[in-house]
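Residue numbers (this note's numbering): 32 to 376.
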């Protein structure tokens, strides 16, 4: 009889465990959504003050000399800190740190500066459990648009967040309900170290970036170097996505709307210790079937990884241009002035 009771209990546990896991993931997904909503509120509060959204990166010059500036790579997250209940942190950074030995805005976002070594729950998604190190980490990215061309340094991007350029709501002529502001992304597995897939089952593509690709002229080809969830053997990759929140480079805090959510990221660069100029950087998440995005009106939507992406064999449109995206509904959601009709998504 005892064995029968134990067997029944085991069966009940087996039946209940998936439901418990689903409930927990639903709670984590809701927290991610709430964090995106808070970021949307912060963006709009910033816009109310400055009549534009934050640039994706900016800051001070001075990559050399003493004291060192932040190389105009300070990410837009720092400008949002006063609107995310982190006013003291913002003031401390603007004062050059606790001992005032750095320029306003601090040093490079990758420097070993005490003030950078923080874990901020407001910019994290609890569904991301691949890497539990959350210091300097972020799970949310700024929309660059539907072009991989100079995604790193373009000021006049087709999206909303460029280099040293803030976008006003008036410039979003496609409408704030039809234009994405931010998205989710799974954090990388390392920081600044070159990696090479040796077995084809060692590095997942969802949170790393393949190098030596052609994201500008053949973005769809990035999907040909994966095997299941992993990069094929021999693929050279870097894993710093979401690993340096204060560094405003596209590969750290940006995304574009070319490849669909949860597709592979790829770049044209061959230097694993530097950010490529041209990159295709789709959103990603560990939610099933897609990722959540924040629209410019402050609402949050879940985007399926099967969303229409148009012609992925088409080359990226030039930055600083308007006109329809070649990448279907998904590309249209990334442009601020593409003048594309967008159906339900």
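We put the beta carbon where it would ideally sit given N, CA and C, even for glycine.
Computed from a predicted model, the values in this text were never measured in an experiment.
Tell me the DSSP bridge mates of residue i?
i: residue 69; result: Residue 69 is not bridged to any residue.
i: residue 322; result: 334
i: residue 107; result: Residue 107 is not bridged to any residue.
i: residue 153; result: Its beta-bridge partners do not exist; DSSP assigns none.
i: residue 356; result: None, per the DSSP bridge assignment.
i: residue 194; result: 88
i: residue 298; result: 310
According to DSSP, simplified to helix, strand and coil, what is residue i?
i: residue 77; result: helix
i: residue 342; result: coil
i: residue 126; result: coil
i: residue 215; result: strand
i: residue 172; result: strand
i: residue 84; result: coil
i: residue 188; result: coil
i: residue 36; result: helix
i: residue 226; result: strand
i: residue 206; result: coil
i: residue 307; result: coil
i: residue 362; result: helix
i: residue 118; result: helix
i: residue 373; result: coil
i: residue 145; result: helix
i: residue 327; result: coil
i: residue 133; result: coil
i: residue 56; result: helix
i: residue 42; result: helix
i: residue 232; result: coil
i: residue 200; result: helix
i: residue 138; result: coil
i: residue 220; result: coil
i: residue 165; result: coil
i: residue 350; result: coil
i: residue 102; result: coil
i: residue 64; result: helix
Given residue i, which residues of its chain have a CB within under 6 Å of its CB, disregarding the five upstream and five downstream residues?
i: residue 8; result: As shown, the chain starts at 32 and ends at 376. That puts residue 8 outside it, with no answer to give.
i: residue 345; result: 357
i: residue 115; result: 73 and 153
i: residue 150; result: 165 and 166
i: residue 88; result: 104, 106, 194 and 279
i: residue 376; result: 360
Check whether the Cβ atoms of residue i and residue j sit closer than 9 Å, and answer yes or no.
i: residue 177; j: residue 365; result: yes
i: residue 275; j: residue 283; result: yes
i: residue 214; j: residue 322; result: yes
i: residue 267; j: residue 312; result: no
i: residue 299; j: residue 243; result: yes
i: residue 306; j: residue 180; result: no
i: residue 173; j: residue 186; result: no
i: residue 316; j: residue 156; result: yes
i: residue 216; j: residue 191; result: no
i: residue 347; j: residue 247; result: yes
i: residue 136; j: residue 125; result: yes
i: residue 198; j: residue 367; result: yes
i: residue 207; j: residue 326; result: yes
i: residue 218; j: residue 170; result: yes
i: residue 285; j: residue 182; result: yes
i: residue 378; j: residue 355; result: In the structure as shown, the chain starts at 32 and stops at 376, and residue 378 therefore has no counterpart that could be examined.
i: residue 338; j: residue 372; result: no
i: residue 134; j: residue 91; result: yes
i: residue 210; j: residue 289; result: no
Starting from the C-beta of residue i, find all residues in its chain whose C-beta is less than 7 Å away, skip the five residues before and the five after it, and write them out in chain order.
i: residue 121; result: 109, 112 and 113
i: residue 320; result: 335 and 336
i: residue 60; result: 158 and 318
i: residue 75; result: 329
i: residue 141; result: 275 and 278
i: residue 129; result: 123
Does the Cβ of residue i lie closer than 8 Å to at least one heavy atom of the ligand ADP?
i: residue 147; result: Although the ligand ADP was asked about, the structure shown includes no ligands whatsoever.
Got a sec? Which residues, its chain only, sit under 8 Å from residue i by beta carbon, not counting five neighbours each side?
i: residue 64; result: 323 and 331
i: residue 374; result: 360
i: residue 148; result: 166 and 167
i: residue 138; result: 98, 99, 100, 101 and 144
Could you pull out every unbroken alpha helix (DSSP H) segment of at least 4 residues lying fully inside the stretch 235-296, listed in chain order? 281-284
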